[in-house]
Structure formats: C-alpha cells, structure tokens
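**Q** I have a structure I would like to understand better, so I am pasting it below and will then ask my questions one at a time.
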Amino acid sequence: AALQLTKRPGRKPSGAASGGFCKSLWELSIQSPQIFVLDPDHIVTKEIYWPNSTFKAAGKSATLYVPKVDLDADSDYDGGIDEEDDSLEESVGGLAVIGAESLAPLNLSFGPEGLTSGTLTLSAAACGGKIAVWPENNTNGTPFTLPKIWTVGTDTIPPTVYLQGVETSAVPRDVALELRLASGGVTCCDTVRVTVVRMALVPDYDRDGIIDGADRLRAATNEVFRFWINDDNDNGAFAEHEENVPDTDQPDQFECNCLDHIVNGRSDLLDFMIVWLNLGGTLSLLPPEDGYQSGMNARFTAVTWYGNESQHWITGAGYRSPNYYTNVCHAFETAQGLSAAVASLPGEVKVIAAHSLGNMAVSSAIQDHGLQVTKYFMLNAAVAAECYDASLFNTSGASNPMVHDDWRDYHSKTWSACWHALFDADARATLTWTNRFHAVLPVAYNYYSSGDQVFELNADGTPWPAEGILADVGRYSWQKQELFKGRTASSDLITSSYASDCAGWGFLGYKADLTWWRTYCQDAANALTSDQ
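Heads up, the sequence shown stops at 555 in the working numbering, and the numbers go up one at a time, no gaps.
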C-alpha cells in the first residue's frame, strides 16, 4: 500500500483565544484502497485547532492496518505447506485427487489480528464443480457449499479445509479457488490454482483376469485383497489342476517353481496380484517432462556401469554375478570416468547415491579422482567397513565371523589382511583396505538393511558353500566371499570350485618345494616376529 503524508499549512482559526497559536499538521492521503484507517479522534481526517498551549491531538491516535488474506496449497508437493509454496500456487498449483481417502489440505489465514467485522469468502472462481471442500480431513460429514461465507468476529473460521477431486481436470490448473476478505470498505483476495487427477490402485478381486468396474467399486470401498500363495508348478497356458487355491492336495505342490520370482506361464498369473494402473489421464495433465521429484527441482541422472561380469542364470535364483572380485576391478576402472561425468553436470549442489558394489565406484571416484559431492548416500554398500573407518577392522580371531574357522587360533599378524603392516618403508604398506576410502566420510550417509540375507552372518562359523541357500540363494554371500578367499586348494571340491585363488585363508594343498618355500605349523607361525 502507498501512503502519502502532506504537510498542511499552519493557521490560526478566527476567534481563537488571545495568545493562541497554530501548528503545522500532517495530512494522510491514502493512495491504495488496501488500508484500514481507524481514526476515532479524527487526527488525520479533520482540521485540529487548539488555543494557547493545549494541543488537542495530545494523547490521541489513529491506527493504520494493512489487511492480509492468504490461501495456500502444497504447490511444491513436498508434503507440507510453507512459504515456498506461495510463488507456485498459480503457476504450478495444488493437486486434488478423486477418491474418499485422498484429501489435500488448503490453509486459510487473514488479518489484521483482532479484526472483528467483515466477511471472509471461499469461492471457486473457475470449474468449482470439479472439487469438493470439506471442513475436516475426512468425508464423514457434509462438504461446504461454495461460495462459503464466514462472518468475521462471529463465526469460527477453520485454519485448514480439505479438497477432494470430483471430476478430472480437462487442462492443468483449470480449477481456481479464491479467498476474499471484505471489511470496512476494503477488499483483498488470494487465489490458488488446482489440478484434479484420478488415482486408484485396483486389484483383480474376483480373479477373472479382467479389472473392470466391479473391481474398481470394491477398491473404492477399501475391500481387503488377499494374495494366494504360489505353492504349485504352473508352466503352461492352463493350470495343472482345476483350481489354483493354495494348500490344496496337489501332486506337484512340493515341486513348486515360485522361487525363481517370475511368471512361468499364463496360469501362473492366478498366483500373482494383478493391478490396474491407468496413468493416461494423469500423464496428459502432468507430463513427466514438466515434472520433478516432490519438493525439489533437482535433475536426476542415472548411471550404468559394467558390474555384472560372470552373470549367469541360476535355477531358483535368477541372474546372479558370483565373481565379486572381477567386478571390484571394474568399479575402480569406472571411477575416473564417473568423476569426470558428474563434474560436467550443471549445478552447485550435487547429491549422489549408489547401491551394493556401485559404492566401490563412487568411493574411488571421491578418494582417488577428486569427485566433489554435497552428500553421498550408500545403500547396502558391498564394501568392507574398515575402508572408511580403520577402527572397525577386527583382529580378534575367536569372535570374528569374517575369519575362517581354520585360522581362529592363528595370530592376526599371520593373516594376509595384515601383511601390509610388515612393510612400513615401501609401497607394500598400502596394500590394505583399511582407511582406503577415508575421504568419503565427511559426505557419506550409510543405509543398510539389518535383515538383508546377503549381508547376514552365519552364527555357526564358516558356512559351507550351499549353507542357507534353501531360504535364499544369496544368503551369507558377503561372509562367503570373504571366507572362501584363497581356498582353491581345499580338499572340499565344492568349496574349491567356489573359492578364489588370491590371498585369503588358504593353505598349500600340495607338498611344497622346500628350496623355495618354507612351511610353518600354527605354533611356529604365531611365534614369528615381525622382522622374521
């Protein structure tokens, strides 16, 4: 609002008492209608004269109020309503979803505080029939009839009302809601644009292979859908038995093919939850190329790298890549290019995330190639913990699940993982994973699943290669890859076939040529000094 103060010339009124005087006053000229002027003593609206030394305006006041009305929706889709939504409420607008349980909050506020007269009106300036406005975050009562008019100072005005979609928008932001305050001859308003979309998750309740209006009606009433257990063997277009109901007496029930996690045939679909996902209308209103992740405007860049060498099909497990160490090498080979690629992306704030062995590539990019990121999220990282924090390296043999049973009574100085400590003066001292990626810690956030079977540790010591695979073929994989290092000479043919021939926990499996090799029993090895 623009206010102008104009100096009024001083003058002495006729008939003023002897010795009276005049004083220059200031006259207020309001250049905007958006101002409340409360002036009960007419300080700024009438001439004021006084005789002698008595100032007739002394102790009196006039009050100017700037009125405010604010209508706010979650226009940046971050799950909350705050100041950042204001600039987007007409260009982006809020969303209203068709459905009884998907109500969107709409905040109402007005001022000045303590205002006791006037009206506050919520109306639909456009396409009001496409939405319903509810007083509570449910549809148990009756929605407001728009326009909804509250009397200021008399009615209880809710700080939040809730939007429900009724009819899908024809174009984005075609619904316009307006909140208008009228008081003392002053009117002000605020507008929010809304797009109505239809979203629903509808399963095939009657299992007839078709999701139709009957299924959608059952979903609208929140009927519970129950899965069937895939406990039989369905490979063809027809089920091997007349019905696919779980726990029936089926000859092939214990030859089920459910562990491969795929659909083996059309009849197998009966064991899966068929879901109707219709995004056509929503994507036409809100095309992905105009969108962004809720609450942020960040670009998303996906990275693929060669981390699946040795991958092959394993019956009952799907595609797996058992050769961890080959792909560790590929991770290091990827790191330099990854660092350069991320550096070339625009933006000052860069956040990177990696899963499993991808963390080896990202960690090397940060440590070895100067990759600069603001935050780094590690998801189930397939990298040894001591690479980031040396204090996590466990030199206890008796209680360490990552030490092979055959080596529990050997001193840690005899382990290949500790040989680097014998060479302080040369590059061999760097042949260790300990603190390998220490530069990562300031930006790292480590997330892992305590129930992940790949990282689960066998409580009974060194597992056999087939240990735990009936529950999940990947069970104990992290522990196994460590404990099978150097075990190619094992007398157990299955263990030797799964083992690597590099360092680790092996022993010479043949009679050594003592000209070049010297062998030690356990006691002799433990008695060796570092110099020896």
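Beta carbons: idealized from backbone N, C-alpha and C, even for Gly.
Values in this document were obtained by computation on a predicted structure and should not be read as measured data.
Is the Cβ-Cβ distance between T485 and D428 less than 8 angstroms?
**A** Their beta carbons are under 8 angstroms apart, which means T485 touches D428 by this criterion.
**Q** Name the residue from N160, G152, I180, P181 whose alpha carbon lies nearest to the alpha carbon of T168.
**A** Nearest option by C-alpha distance: G152.
**Q** DSSP three-state label for T437, please.
**A** T437: helix per DSSP, three-state reduction.
**Q** Can the beta-carbon of G141 be found less than 8 angstroms from the beta-carbon of L204?
**A** In this structure, L204 lies closer than 8 angstroms to G141 by Cβ.
**Q** Please report the residue range of the beta strand (DSSP E) in which A489 lies.
**A** It is not in any beta strand (DSSP E) - A489 carries neither H nor E in the DSSP assignment.
**Q** If you draw a straight line from the alpha carbon of G370 to that of T324, how long is it in whole angstroms?
**A** Between G370 and T324, the C-alpha separation is close to 12 angstroms.
**Q** So, for S146: in the same chain, excluding its five sequence neighbours on each side, which residues have a beta-carbon less than 6 angstroms away from its beta-carbon?
**A** The residues are L169, P170, E201.
**Q** Which class does S362 belong to by DSSP, given the choice of helix, strand or coil?
**A** Three-state DSSP puts S362 in a helix.
**Q** Name the two residues that bound the continuous alpha helix (DSSP H) containing V385.
**A** Taken as a continuous stretch (DSSP letters only), the alpha helix (DSSP H) holding V385 covers 381-392.
**Q** How about the segment 491-505 and the segment 469-481: do they share at least three Cβ pairs that are nearer than 8 angstroms?
**A** Because the criterion of three Cβ pairs below 8 angstroms is met, the segment 491-505 and the segment 469-481 touch.
**Q** Report the partner residues of P128 according to the DSSP bridge assignment.
**A** Note: P128 sits in a beta bridge opposite Y185.
**Q** Can you tell me which of the three DSSP states L143 falls into?
**A** L143 falls in the strand class under three-state DSSP.
**Q** Could you check the C-alpha separation between Y521 and S553 for me, to the nearest Å?
**A** Straight-line Cα distance between these residues: approximately 32 angstroms.
**Q** Which residue marks the beginning of the beta strand (DSSP E) containing L94, and which one marks its end?
**A** Segment 91-96, the beta strand (DSSP E) holding L94.
**Q** Have a look at A358 and Y468 and give me their C-alpha separation to the nearest angstrom.
**A** Taking the straight line from one Cα to the other gives about 19 angstroms.
**Q** For the alpha helix (DSSP H) that K503 lies in, which residues bound it at each end?
**A** Residues 500-506.
**Q** If you count every other CB in all the chains shown that lies within 10 Å of the CB of I104, and 16 or more means buried, which is it?
**A** Buried is the call here.
**Q** Answer yes if the segment 361-378 comes into contact with the segment 341-349, meaning at least three C-beta pairs across the two stretches below 8 angstroms, and no otherwise.
**A** The segment 341-349, when compared against the segment 361-378, does not touch it at the 8 angstroms Cβ threshold.
**Q** In whole angstroms, give me the CA-to-CA distance for T327 and G122.
**A** Approximately 39 angstroms between the Cα atoms of the pair.
**Q** Once you ignore the five residues that flank I337 on each side, which residues in its own chain have a CB closer than 7 angstroms to its CB?
**A** These residues qualify, in order along the chain: R343, V496.
**Q** Can you grab the Cα-Cα spacing for the pair L51 / T210, in whole Å?
**A** Per-residue confidence for L51 stands at a pLDDT of 45, beneath the threshold of 50, marking its modelled position as unreliable; no derived number is given.
**Q** Does T116 pass the burial test, meaning 16 or more other C-beta atoms within 10 Å, or should it be called exposed?
**A** Checking the sequence, you will find Gly at residue 116 rather than Thr. Buried, because 16 or more other Cβ atoms sit within 10 Å of the Cβ of G116.
**Q** Whose CA, out of A321, W430, F507, V219, lies closest to the CA of R548?
**A** A small correction: the amino acid at residue 548 is Ala; Arg does not occupy that position in the sequence shown. The candidate whose alpha carbon is nearest that of A548 is W430.
**Q** Which runs of the alpha helix (DSSP H), 4 residues or longer, sit entirely within the segment 158-246?
**A** Counting only runs of 4 or more, we get 236-243.
**Q** Using the three-state DSSP reduction, which class does V326 fall into: helix, strand or coil?
**A** Coil.
**Q** What does a CB cutoff of less than 6 angstroms around F416 pick up in its chain, not counting 5 residues either side in sequence?
**A** Once the five neighbours on either side are set aside, the close Cβ partners of F416 are E409, T457.
**Q** So the candidates are A148, L551, T518; which of them puts its Cα closest to the Cα of E490?
**A** Nearest option by C-alpha distance: T518.
**Q** What are the boundary residues of the alpha helix (DSSP H) that A550 is part of?
**A** 545-550 is the extent of the alpha helix (DSSP H) around A550.
**Q** Using C-beta distances below 7 angstroms, list every residue in its chain close to D108, excluding the 5 sequence neighbours before and after it, in chain order.
**A** Counting only Cβ-Cβ distances below 7 angstroms, and skipping sequence neighbours, we find D95, A96, D97, S98, D99.
**Q** Give me the Cα-Cα distance between A262 and V247, rounded to the nearest whole angstrom.
**A** Residue confidence for A262 is low, a pLDDT of 49 falling below 50, so the modelled location carries little weight; the figure read from the coordinates is stated next. Between A262 and V247, the C-alpha separation is close to 25 angstroms.
**Q** Let me know if Y543 comes out buried or exposed under the rule of 16 or more other beta-carbons within 10 Å of its beta-carbon.
**A** Classification of Y543: exposed, given that the 10 Å Cβ count is below 16.
**Q** What does A408 pair with, by DSSP beta-bridge criteria?
**A** Beta-bridge pairing links A408 to no other residue.
**Q** Which residue's Cα is closest to the Cα of D528: L506, G102, D101, P135?
**A** Strictly speaking, residue 528 in this sequence is Trp, with Asp absent from that position. Answer by Cα proximity: L506.
**Q** To the nearest angstrom, report how far apart Q187 and E136 are at their CA atoms.
**A** About 30 angstroms.
**Q** Expressed to the nearest angstrom, what Euclidean distance is found between the alpha-carbon atoms of G164 and W157?
**A** Approximately 8 angstroms, taken between the alpha carbons.
**Q** So is E190 buried or exposed if we call it buried at 16+ other beta carbons inside 10 Å?
**A** Exposed.
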